[in-house]
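So the sequence lines, in the order shown, correspond to chains B and S.
Residue -14 is where the first sequence starts when you use my numbering, and the numbers rise one by one after that.
Residue 1094 is where the second sequence starts when you use my numbering, and the numbers rise one by one after that.
Virtual Cβ for every residue (Gly too), placed ideally from N, Cα, C.
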Amino acid sequence: DQQVKQNSPSLSVQEGRISILNCDYTNSMFDYFLWYKKYPAEGPTFLISISSIKDKNEDGRFTVFLNKSAKHLSLHIVPSQPGDSAVYFCAASGYNAGNNRKLIWGLGTSLGVNP
Amino acid sequence: DAGVIQSPRHEVTEMGQEVTLRCKPISGHNSLFWYRQTMMRGLELLIYFNNNVPIDDSGMPEDRFSAKMPNASFSTLKIQPSEPRDSAVYFCASRPRDSSNQPQHFGDGTRLSIL
């Protein structure tokens, strides 16, 4: 049972346009969300995060939007660049029964930015 | 500043052999995570340590898997005996402290193939 879902396995956009990657979650106890980016043969690297007390967080070309009522978040990349081509993972966390945090991950969306 | 270091990068071995994966977390980080990535299930948390103590090993698939963290700068994940279905990429990650929203930092993974 996937608690964090990225329903689009892949996405292709033109350089300079906006990339929108989507993520849905089912557990209302999640209160912190992260996006990671992964290149082939490398580990995931942290990109941007958002707390549930906010609905938007921006860092340069990257913006994450959170809609708690819909249990949905999205990552916007504007403008998209060929170097953004990678797999993007959505992850969520909340305190579990042991008062510890662990991340629950989506399966990833492969983004291709065409020159 | 060195990141999370994993060894070996690639491992090919025959079914039934013992496999040991190694991880050196970032200095000063006191939470360490072992993940397994497969196409079908994505990134799955196997076990995580806080201050060298295993906190949650509910993701360890079966008794053939074991993990240790004898000190703050070293951890191992052992599979004995290995089976073809253990073939995957195994990632180690570390984080500055537990119960926090600090992002995890990943190594580049060990690609394991069991023949």
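Using a C-beta cutoff of 9 Å, does B/S34 count as contacting chain S? Along the first sequence, one-based indexing puts residue 34 of chain B at 49. Chain S contact via Cβ: present.
Could you give the residue range of the beta strand (DSSP E) that holds B/K22? For this step, residue 22 of chain B is matched to residue 37 along the first sequence. B/K22 -> beta strand (DSSP E) spans 17 to 23.
Coarse secondary structure for S/R1157, derived from DSSP in three states: Here residue 1157 of chain S refers to the residue found at position 64 when the second sequence is read from its first residue. S/R1157: coil per DSSP, three-state reduction.
I'd like to check one pair, B/L58 with B/F50: are the Cβ atoms closer than 9 Å? To locate residue 50 of chain B, count along the first sequence from 1; it is residue 65. To locate residue 58 of chain B, count along the first sequence from 1; it is residue 73. Contact flag set, yes.
Which stretch, first to last residue, makes up the beta strand (DSSP E) that contains B/T86? Sequence index remark: in the first sequence, residue 86 of chain B carries index 101 (1-based). The question names Thr, but residue 86 of chain B in the sequence shown is Arg. DSSP places B/R86 inside the beta strand (DSSP E), whose first and last residues are 86 to 90.
Under the criterion of a Cβ to heavy atom distance below 8 Å, does S/Q1173 qualify as lining the ligand NAP? The model on display carries no ligand, and the ligand NAP is accordingly not part of it.
Three-way DSSP call (helix, strand, coil) for S/G1265 in this model: The structure shown does not extend to residue 1265 of chain S, since chain S is modelled only from 1094 through 1208, so no value can be given for it.
Hey, would you say B/S78 sits closer than 9 Å to B/L19, going by beta carbons? To locate residue 78 of chain B, count along the first sequence from 1; it is residue 93. To locate residue 19 of chain B, count along the first sequence from 1; it is residue 34. It is a contact, given that the beta carbons lie within the stated cut-off.
If you measure from the beta carbon of S/G1121 to each beta carbon in chain B, is any gap under 9 Å? As a position in the second sequence, residue 1121 of chain S is number 28, starting the count at 1. Against chain B, the CB of S/G1121 has no partner CB under 9 Å away; the residue lies outside that interface.
So S/Y1183 contacts chain B; which residues on that side make the cut at Cβ distance below 9 Å? Indexing the second sequence from 1 puts residue 1183 of chain S at position 90. Within 9 Å Cβ-Cβ: nothing; S/Y1183 doesn't reach chain B, min ~11 Å.
So B/S(-3) is in the beta strand (DSSP E); what residue range does that whole segment cover? As a first step, residue -3 of chain B must be located in the first sequence, where it is residue number 12. Segment -5 to -1, the beta strand (DSSP E) holding B/S(-3).
Looking only at its own chain, which residues have a Cβ that is under 8 Å from the Cβ of S/P1177, when we skip the five neighbours before and after it? Translated into positions along the second sequence, residue 1177 of chain S becomes position 84. These residues qualify, in order along the chain: M1108, I1207, L1208.
Three-state secondary structure (DSSP) of B/G97: As a first step, residue 97 of chain B is located in the first sequence; it is residue number 112 there, counting from the start. Strand.
Nearest chain B C-beta to S/F1158 closer than 9 Å, yes or no? Along the second sequence, one-based indexing puts residue 1158 of chain S at 65. No - not a single Cβ of chain B is within 9 Å of the one on S/F1158.
Alpha-carbon to alpha-carbon, S/Y1141 and S/R1115: The sequence position of residue 1115 of chain S within the second sequence is 22, counting from 1. The sequence position of residue 1141 of chain S within the second sequence is 48, counting from 1. Cα to Cα, S/R1115 sits roughly 14 Å from S/Y1141.
Compare the Cα-Cα distances from B/E27 to each of B/I89, B/V(-11), B/N42, B/A71 and report the closest residue. Start at 1 with the first residue of the first sequence, and residue 27 of chain B comes out as number 42. Closest by alpha carbon: B/A71.
Contact check, S/Q1130 vs S/A1186, beta carbons under 9 Å: Position 37 of the second sequence, counted from the first residue, corresponds to residue 1130 of chain S. Position 93 of the second sequence, counted from the first residue, corresponds to residue 1186 of chain S. With respect to the 9 Å criterion, S/Q1130 and S/A1186 are not classified as neighbours on the basis of their beta carbons.
Pick from B/A55, B/P29, B/V(-11), B/S(-5): whose alpha carbon is nearest that of S/Q1197? In the second sequence, the residue the question calls residue 1197 of chain S occupies position 104. Closest by alpha carbon: B/P29.
With 9 Å set as the bound, which would you pick, yes or no: does the beta-carbon of S/P1177 sit closer than that to a beta-carbon of chain B? The sequence position of residue 1177 of chain S within the second sequence is 84, counting from 1. No, S/P1177 does not count as interfacial toward chain B.
According to DSSP, residues forming a beta bridge with B/K56: As a first step, residue 56 of chain B must be located in the first sequence, where it is residue number 71. Looking at the DSSP assignment, B/K56 forms no beta bridge with any residue, so it has no partner.
Looking at S/L1139 and S/D1156, is the spacing between their C-beta atoms short of 9 Å? Numbered from 1 along the second sequence, position 63 holds the residue referred to as residue 1156 of chain S. Numbered from 1 along the second sequence, position 46 holds the residue referred to as residue 1139 of chain S. Taking 9 Å as the Cβ cut-off, S/D1156 and S/L1139 do not qualify as a contacting pair.
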